[in-house]
DNA sequence: TCTAAATGTCTATTGATATAGACAACCATA
DNA sequence: TATGGTTGTCTATATCAATAGACATTTAGA
């Protein structure tokens with residue numbers, strides 16, 4: 622916990638920095654012995670801030686459902702989670718975190734058709750302007766949103782994927798029905814940024830939160846690209862694992 | 622550029638959010654045609670904020686050396702970069718970024734000896750309490766700091782690594798001199814968090830910035846772990862690439 | 001050389017952020 | 001049931017963040 626000091630006058634409010642730090646400590650298991658966050662007065666002393674500032678931070682965490690304050694007793698930890706998401710040739714959302722939670726689900730938020738931009742064409746190794754199907758999906762683990770993704774598929778092969786996906790709730794199963802029995806991850810690019818408005822809504826994040834962004838290309842067994850996707854993960858809920 | 626709205630009353634000041642957004646746009650090449658950021662009045666209109674707020678954001682970017690305002694002309698873009706850092710079995714700092722910049726360098730910030738904690742012992746597959754050498758290093762590309770890393774090595778095999786590293790400036794070369802002709806990346810874990818005080822200083826970041834955190838284990842050709850490291854990268858300067 | 005367009009500076013006002021102190025309400029337990 | 005430790009609420013004050021408007025200064029170009 623201790624460690625680094627809090628930054629003042631930087632455009633990021635103290636209560637938000639503190640909320641992030643305390644959330645991380647909770648996820649790290651620092652308070653597992655008691656199951657509670659230290660008393661407000663103790664935290665205030667530790668971080669060298671006023672008790673009211675600590676209260677603002679804890680209120681934010683309570684809003685996220687991570688802690689619950691009980692008058693007279695203390696502030697209880699309600700939930701701690703950080704899922705491990707493996708990245709390999711056989712990366713799939715449901716399989717990857719399936720053994721860490723009771724239920725994984727993926728729901729279709731929106732779908733549409735569009736022509737391939739220069740960037741999309743480069744990634745999918747097709748010509749600019751080629752018709753593509755776009756899917757916007759939300760990945761959930763135990764009813765908690767974990768990732769939101771936008772995926773593009775060549776329309777000639779996968780024109781029906783919105784309907785098939787809506788019924789199966791799985792890219793893997795949709796591919797199978799559409800004649801792609803298996804597929805592999807070709808390349809993944811990982812960056813991080815602040816959550817945007819869509820992240821806040823879909824992933825139920827608080828402003829200022831961090832999202833891990835993974836851009837990926839999947840290909841069929843003939844090494845023909847079948848999917849390009851940009852997925853955004855709540856950084857405090859997942860970590861990526863690259864096995865070599 | 623356009624896209625998502627700015628979040629108000631969230632603990633993150635508008636000028637900081639705007640600075641992050643504009644920095645991203647610059648890195649994305651949105652203003653390459655003119656080499657300048659749009660006029661303050663235009664940005665203010667676009668984002669729906671006061672011109673003074675835009676000026677605060679641009680002042681922060683000027684402080685980072687990314688833009689330079691010239692009275693009467695506009696705000697010029699001084700620098701834009703986001704290095705691609707490949708992660709594979711043969712991940713090495715200098716080789717990975719070497720073809721993207723003129724010069725890569727790695728300097729030793731500090732070194733010391735310590736006993737293996739339970740966590741370190743688990744990662745390196747040794748007994749708790751085993752003596753370890755700790756190295757704190759800073760990776761640079763074209764004289765710009767890119768990453769800061771803390772690495773641990775078993776002291777029995779690599780007791781001299783601080784001196785060897787200091788002279789060679791390379792983990793790979795240090796390993797060679799100490800009887801490890803080659804090594805491979807076993808596993809990498811990637812998370813993201815806000816920059817802490819050390820990040821701000823060493824990586825020359827502005828508060829509220831995001832760092833990508835990579836935990837990695839390297840092993841020699843007999844698959845014996847030789848290094849465990851935690852590296853922190855400035856998220857707006859790098860992206861990770863996982864080739865499968 | 002005049003003008004339009006851009007950044008620089010100043011004053012003023014409002015709301016959010018943070019500190020400080022005091023006390024009430026509640027819980028567990030000795 | 002009395003007490004210590006904890007969260008909840010209230011008032012007050014100072015500073016930061018954001019808006020608003022006016023005008024100065026500099027540059028490029030007609």
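Protein chains in written order, with this note's numbering: chain A, 622 to 865; chain B, 622 to 865.
Beta carbons: idealized from backbone N, C-alpha and C, even for Gly.
Given residue i as reference, the closest of the options once Cα atoms are compared
i, options, result
"residue 684 of chain A", "A/743, A/693, A/825", "A/825"
"residue 753 of chain B", "B/770, B/777, B/771", "B/777"
"residue 641 of chain B", "B/856, B/666, B/862, B/861", "B/856"
"residue 770 of chain B", "B/652, B/837, B/695", "B/837"
"residue 781 of chain A", "A/755, A/743, A/695", "A/755"
"residue 762 of chain B", "B/786, B/673, B/726, B/808", "B/726"
"residue 649 of chain A", "A/698, A/735, A/758, A/747", "A/698"
"residue 701 of chain A", "A/651, A/638, A/676, A/707", "A/651"
"residue 680 of chain B", "B/644, B/847, B/750, B/789", "B/644"
"residue 859 of chain A", "A/633, A/707, A/671, A/695", "A/707"
"residue 682 of chain B", "B/666, B/647, B/846", "B/647"
"residue 808 of chain A", "B/735, B/675, B/736, B/863", "B/863"
"residue 790 of chain B", "B/632, B/672, B/731", "B/731"
"residue 875 of chain A", "A/823, A/847, A/657, A/633", "With chain A covering 622 to 865 only, the question about residue 875 of chain A has no answer from this structure."
"residue 635 of chain B", "B/654, B/854, B/675", "B/675"
"residue 751 of chain B", "B/768, B/779, B/759", "B/779"
"residue 775 of chain B", "B/666, B/810, B/785, B/735", "B/735"
"residue 868 of chain B", "B/785, B/768, B/639", "In the structure as shown, chain B starts at 622 and stops at 865, and residue 868 of chain B therefore has no counterpart that could be examined."
"residue 850 of chain A", "A/794, A/633, A/670, A/758", "A/758"
"residue 760 of chain B", "B/639, B/738, B/786", "B/786"
Residue-chain proximity (residue i, chain B), Cβ-Cβ < 8 Å
i, result
"residue 743 of chain A", "no"
"residue 833 of chain A", "yes"
"residue 793 of chain A", "no"
"residue 637 of chain A", "yes"
"residue 622 of chain A", "Residue placement at residue 622 of chain A is poorly supported in this model, since its pLDDT is 37, which falls under 50; the coordinates still yield a value, given next. No - not a single Cβ of chain B is within 8 Å of the one on residue 622 of chain A."
"residue 625 of chain A", "No answer about residue 625 of chain A holds up, because its pLDDT of 48 lies below 50 and its placement is not dependable."
"residue 851 of chain A", "no"
CB contact check: residue i to chain A, cutoff 8 Å
i, result
"residue 764 of chain B", "no"
"residue 755 of chain B", "no"
"residue 748 of chain B", "no"
"residue 779 of chain B", "no"
"residue 767 of chain B", "no"
"residue 708 of chain B", "yes"
Beta-carbon neighbours of residue i, restricted to chain A and to distances below 9 Å
i, result
"residue 641 of chain B", "814, 815"
"residue 856 of chain B", "812, 813, 814, 831"
Contact list for residue i against chain B, beta-carbon separation under 9 Å
i, result
"residue 736 of chain A", "Those within 9 Å of residue 736 of chain A in chain B number zero; the least Cβ separation is about 20 Å."
Partner residues on chain B for residue i, Cβ-Cβ distance less than 8 Å
i, result
"residue 771 of chain A", "What residue 771 of chain A touches in chain B: nothing, since even the nearest Cβ is about 13 Å away."
"residue 634 of chain A", "632, 633, 634"
"residue 847 of chain A", "Per Cβ cutoff of 8 Å: no residues; residue 847 of chain A is ~15 Å from chain B at best."
"residue 645 of chain A", "814"
Residues that residue i contacts on chain A, provided the C-beta gap is smaller than 8 Å
i, result
"residue 862 of chain B", "808, 809, 810, 811"
(request) Scan the segment 658-686 of chain A for residues whose Cβ lies nearer than 7 Å to a Cβ of chain B and list them as they occur along the chain. (result) none
(message) Quick test of the definition: if touching needs 3 or more C-beta pairs under 8 Å, does the segment 804-821 of chain A touch the segment 832-846 of chain A?
(response) yes
(message) Is it the case that the segment 653-663 of chain B contacts the segment 685-696 of chain B, given that we only count it when at least three CB pairs across the two stretches are under 8 Å?
(response) yes
(request) Please name the residues in the segment 795-809 of chain A whose beta-carbon is closer than 8 Å to at least one beta-carbon of chain B, in chain order. (result) Per Cβ criterion, the list reads 805, 806, 807, 808, 809.
(request) Please confirm if the segment 795-806 of chain B is in contact with the segment 838-845 of chain B, defined as three or more CB-CB distances below 8 Å between the two stretches. (result) yes
(message) Taking 8 Å as the cut-off, does the segment 785-800 of chain A touch the segment 739-753 of chain A (at least 3 CB pairs, one atom from each stretch)?
(response) no
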